[in-house]
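Here the structure comes first, spelled out in structure tokens, and everything after it is commentary.
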């Protein structure tokens, strides 16, 4: 029955494939699976984006995530990847302490997992927890000493510098090593590295860069006293020529953290050493002494300053010539001023001046400035007899213009006019050719109201056989008589001066004086002076002076003259002509020709032929310019007649 039933069951028919040829595009099983996977992803909606707006939502979010991580760990406790993901998530939230706790729990589960130790140490290093990282590495290599990965990481992070400074013991490598330790917060190790470096190089191979870096490290730790000790130790041991950067940084440190005295000590010690080197190399380098003294005056006590001054003035110039003593004398001057103004010791000041004046060889040369400074000092001390004695001694030993002027100025300020007169007399005995002294003496008498005495002084002055500026003296004398309104005496002075010189400026000044005198005949007298001057200057070799006179006369007539007088002066103006003359060299040979300008005065009878010749030349030139135009006119006329 069963077989019958089975035989009766009908088998479905399989559809017959009409075209059994292969398809043009073949589809592989891999393609079918890929398409199924892609369609599955297309069907799944993306996870929703959650936006946390307040702290409560954030805490809920953390709670859910932590619950999920804890559930995963509880289900699969030995799967270390779950622990690592959990710890990394906590690290992303800056919850380093929680992450550290998770790693420790994971190590309790599997302390032989290399990846777990590496992730744990990397987390600590990433968060700059160097001490924690060191502890982790120590525990790792203790538990798993044969794992090469631990040792390679240690070599890269810490042992690299340790080996570097012994293989390449250079200062920069020691500094890098210490900075690495400092960067990761291991201050004690960094300090030990610097100390080992100082010990390693010793005093023979000391380098300022090492100490600068060491000091900056201690400065960063706010160890000011340590910094100061490091700088001072280095400056004492390292040669100053090789410690420029050290000095610079020490100065900056003291400016930032030290008091005023500390800063000054740094600067002074550096500069003092430089100046000591300079004056040792050349004791007669007075500029270096000046700089050195300026430094010690601003910083040290009086005894030190005096000691440096004594050392400086002991270097007397070896040659007794004034030009070698000029800078040296100012050492004494500054010494005396320091004793007077800074030390307030008048007795020592007097001793300095007297010692200097005794040292100078006055028979060869002297310094008026020093005598005057000494006299002024005694006056400030209200010791007038000493001041007069000093100036009198100076005039007796080495009379000079400055000394006489200074002494006279002193007596003028004291209103001691009789003394001034005596000094002027002595001065003029010493230098009778000095016109300025004569003028000043006469001006003093004028101020005192003694006109006759002033006039007598001027008379004595102009009768001197030799004067340095006679024109200034005569002008002052003439101005004096004009101020006294002694016009006849002024005219007499002009006449006396014209007997000595026929200079054109004297004639012009004389004419202008007559013009300035208020009288009805002033124009006539002025014109007469110009007439007389023109006659007197006819034989003058310098024709420019005569031309200058005529131009001044022309200006006068333009302002005050008539048409007739203007025309007369205009006819006296010379013609300016260009001439050539032959030149000769110093040896008498021919040196060629040169052109020059000459003036031909119509008034001179000797020059009349030259004027006629000049007039004829001008006429001929004018004819030459007009003749071509006449010829053109004649040609035009002929052409018109022909047409």
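Numbering (this note's numbering), first residue to last: 522 to 1164.
Backbone N, C-alpha and C fix where the C-beta goes; we use that ideal spot for every residue, glycine too.
- Comparing alpha carbon positions, the residue from 709, 824, 886 closest to residue 846 is 886.
- C-alpha of residue 874 to C-alpha of residue 951: approximately 26 Å in a straight line.
- Residue 572 and residue 579 have their C-alpha atoms spaced approximately 10 Å apart.
- Non-local C-beta neighbours of residue 949 in its own chain, meaning closer than 8 Å and more than five positions away in sequence, comprise 955, 958, 959, 962, ordered along the chain.
- For residue 625, the enclosing alpha helix (DSSP H) has its first and last residue at 617-630.
- Using a Cβ distance threshold of 8 Å, residue 665 and residue 621 do not count as a contacting pair.
- If you draw a straight line from the Cα of residue 703 to the Cα of residue 630, it is about 35 Å long.
- Excluding residues up to 5 positions away in sequence, 603 lie with their Cβ nearer than 8 Å to the Cβ of residue 597 in the same chain.
- As computed with DSSP, residue 1114 is found in a beta bridge with 1103.
- Counting only runs of 3+ residues, no beta strand (DSSP E) is found wholly inside the stretch 785-862.
- The three-state reading of DSSP puts residue 546 in coil, since its state is none of H, G, I, E or B.
- Annotated as distal: residue 654 and residue 636, with beta-carbon spacing of 8 Å or more.
- About 6 Å separates the beta carbon of residue 1119 from that of residue 1098, a gap short enough to meet the 8 Å contact definition.
- For residue 884, the secondary structure class from DSSP, reduced to helix, strand or coil, is coil.
- Within the DSSP bridge table, the entry for residue 1003 names no partner.
- Where residue 710 is concerned, the enclosing alpha helix (DSSP H) starts and stops at 708-722.
- By the neighbour-count criterion, in which 16 or more other beta carbons inside 10 Å mark a residue as buried, residue 599 falls on the exposed side.
- For residue 1112, the number of other beta carbons within 10 angstroms of its own is below 16, and it is reported as exposed.
- Within the same chain, 671 come within 6 Å of residue 662 by CB-CB distance, once the 5 residues on both sides are set aside.
- Listed as beta-bridge partners of residue 575 by DSSP are no residues whatsoever.
- At the C-beta level, residue 756 and residue 733 stay beyond 8 Å of one another.
- Taking each of 793, 761, 760, 770 in turn and checking the Cα distance to residue 749, the smallest one comes out for 770.
- Separation of residue 1010 and residue 1002 (C-alpha to C-alpha, rounded to the nearest whole angstrom) is 7 Å.
- Assignment of residue 726 by DSSP, reduced to helix, strand and coil, places it in the coil class.
- Relative to the Cα of residue 720, the nearest Cα in the group 692, 795, 747 belongs to 692.
- Annotation: residue 928 to residue 944 spans about 8 Å, alpha carbon to alpha carbon.
- Counted as a single uninterrupted DSSP element, the alpha helix (DSSP H) harbouring residue 934 occupies residues 922-934.
- Residue 582 sits exposed, since fewer than 16 C-beta atoms from the chains shown fall within 10 Å of its C-beta.
- Just so you know, the alpha carbons of residue 628 and residue 729 end up roughly 49 Å apart.
- The C-alpha of residue 773 is placed about 12 Å away from the C-alpha of residue 752.
- Judged by beta-carbon spacing, residue 793 lies within the 8 Å limit of residue 816, meaning their Cβ atoms are closer than that value.
- The beta-bridge partner set that DSSP reports for residue 759 is empty.
- Scanning its chain for C-beta atoms nearer than 6 Å, with the 5 sequence neighbours on each side dropped, one finds around residue 740 the residues 748, in chain order.
- About 12 Å separates the beta carbons of residue 1038 and residue 1015, which is beyond the 8 Å limit, so they are not a contact pair.
- For residue 666, there is no enclosing alpha helix (DSSP H), as DSSP marks it with neither H nor E.
- The DSSP-derived three-state label of residue 600 is coil.
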